[in-house]
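J.: Residues in the sequence shown are numbered from 1041 upward in steps of one, following our numbering. Cβ coordinates follow ideal geometry from the N, Cα and C atoms, glycine included. Please read all numbers here as calculations on a predicted model, not as lab measurements.
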Amino acid sequence: MQGWRSGDRGFTLTELLVAAAVGGIVVAMSGWAMVAILQNNRRVEQQAITRMNLSRALDFISDDIRSAIRISTTAPPDWKIPSGGYQLVMFVEKPADNLEEQENGQLATTTRVAYYTRPKTSSVVWRGPRILYRQKVGDSTPNALIDGIANSSPTCTNNLPGAIDSGTEKGGFRVFVQHNRNVKLCIAALVESTGVVYQAETVAAVRSGSATPIP
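Have a look at this one:
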């Protein structure tokens, strides 16, 4: 009987406490690992969304340029830039017969379009630190095109000889315009989860046969 009791002996309190402590450490480490994986997935997802948004914005702006007759980094004297911190980056002049669909489904003659950057304000729901706006003829106020634009200017290189620079003081959207028809577009956005600035760039050119290059 004595031997049977020794073989059937249970765990001591010390052993149970050690086992509980080890189990708690394993569970905590697993929880930390899961949190790290979720945070990393979130960062990767936000980076992918940022890249996709910048690509879409560049495609949209490039379409504006391709359908234009003249591009400039300044607006004509009769164009009124809205107050409230809007900074003009690019001005697009289109042929008079260019038709653009409005939000209500109607087609409207669009002859001029302006692109601005503006710091985020408390009165708008878009993400900061800056927002890129587009305003066409007939718009009472500019419309937000993409948010999350960086405060810092893109560090892209001007590879268009003689191109006019829109400047580095207007945040994360910058253009180089050559002969009023060839444009290098540079845009930078802030990935909030990491604080990293992601950049994208492309080159677009006026396709209209009525466009007249300026030497």
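Strictly by DSSP, which residues pair up with Ser1112?
T.: As a working note, residue 1112 is residue 72 in the sequence shown. Looking at the DSSP assignment, Ser1112 forms a beta bridge with Phe1131.
J.: Which partner residues does Gln1239 have in the DSSP bridge list?
T.: Here the question's residue 1239 lines up with position 199 in the sequence shown. Ala1228.
J.: Using 10 angstroms around the beta-carbon of Arg1158, count the other beta-carbons present and answer buried if the total reaches 16, otherwise exposed.
T.: Within the sequence shown, the letter at position 118 stands for residue 1158. Under this definition Arg1158 is a buried residue.
J.: Can you give me the start and stop residues for the beta strand (DSSP E) that Thr1151 sits inside?
T.: Residue mapping note: residue 1151 aligns to position 111 of the sequence shown, counting from 1. Thr1151 -> no beta strand (DSSP E), and no H or E assigned at all.
J.: Mind checking whether Tyr1156 and Pro1122 have CB atoms under 9 Å apart?
T.: Taking the first residue of the sequence shown as 1, we reach residue 1156 at position 116. Taking the first residue of the sequence shown as 1, we reach residue 1122 at position 82. Contact flag set, yes.
J.: Quick test of your reading: Ile1171 and Ala1184, contact by CB under 8 Å. State the CB separation rounded to the nearest angstrom.
T.: Taking the first residue of the sequence shown as position 1, residue 1171 is located at position 131. Taking the first residue of the sequence shown as position 1, residue 1184 is located at position 144. Between Ala1184 and Ile1171 the Cβ distance is about 5 Å, and since that is below 8 Å, they are a contact.
J.: For Pro1182, which option in Phe1213, Tyr1126, Ala1203 and Thr1242 has the closest C-alpha, if you only look at C-alpha atoms?
T.: As a position in the sequence shown, residue 1182 is number 142, starting the count at 1. Here the closest residue by C-alpha is Tyr1126.
J.: Assign Ala1229 to one of two classes, buried (16 or more other C-beta atoms within 10 Å of its C-beta) or exposed (fewer than that).
T.: Translated into positions along the sequence shown, residue 1229 becomes position 189. Burial call: buried.
J.: Where Ser1240 and Ile1204 are concerned, what is the direct C-alpha to C-alpha distance, given to the nearest angstrom?
T.: Within the sequence shown, the letter at position 200 stands for residue 1240. Within the sequence shown, the letter at position 164 stands for residue 1204. Per the sequence shown, residue 1240 should be read as Ala rather than Ser. C-alpha separation (whole angstroms): 19 Å.
J.: Would you tell me roughly how many angstroms separate the C-alpha atoms of Phe1131 and Lys1160, rounded to the nearest one?
T.: Position 91 of the sequence shown, counted from the first residue, corresponds to residue 1131. Position 120 of the sequence shown, counted from the first residue, corresponds to residue 1160. Computed Cα separation, rounded: 22 Å.
J.: Whole-angstrom Cβ separation of Leu1225 and Ala1244, contact assumed at under 8 Å?
T.: What you label residue 1225 is simply residue 185 of the sequence shown in a count that begins at 1. What you label residue 1244 is simply residue 204 of the sequence shown in a count that begins at 1. Right, the Cβ-Cβ distance comes to about 6 Å (below 8 Å), so this counts as a contact.
J.: Grab me the residues of Val1237's own chain with a C-beta within less than 8 Å of its C-beta, minus the 5 sequence neighbours each way, in chain order.
T.: Counting from 1 along the sequence shown, the entry for residue 1237 is found at position 197. Excluding sequence neighbours, Val1237 sits near Ala1190, Ser1192, Gly1212, Ala1228, Ala1229, Leu1230 and Val1231.
J.: Tell me the residue span of the beta strand (DSSP E) that contains Val1188.
T.: Position 148 of the sequence shown, counted from the first residue, corresponds to residue 1188. Checking the sequence, you will find Gly at residue 1188 rather than Val. Counting along the chain, the beta strand (DSSP E) containing Gly1188 begins and ends at Asn1183 to Ile1189.
J.: Put Ala1245 into one of helix, strand or coil per three-state DSSP.
T.: Residue mapping note: residue 1245 aligns to position 205 of the sequence shown, counting from 1. In the structure shown, Ala1245 sits in a strand (DSSP, three-state: E or B).
J.: Report, in whole angstroms, the separation of the C-beta atoms of Ile1258 and Arg1221, which I expect to be a contact under 8 Å.
T.: For the chain, the structure presents residues 1041 to 1255; residue 1258 sits outside this window and is missing.
J.: What does the Cβ neighbour count give for Val1165, buried or exposed, with the cut at 16 atoms within 10 Å?
T.: The sequence position of residue 1165 within the sequence shown is 125, counting from 1. Classification for Val1165: exposed.
J.: Skipping 5 residues on each side, what residues in its chain have a beta carbon closer than 7 Å to that of Leu1200?
T.: Residue mapping note: residue 1200 aligns to position 160 of the sequence shown, counting from 1. Only Phe1216, Gln1218, Asn1222 and Lys1224 meet the Cβ criterion.
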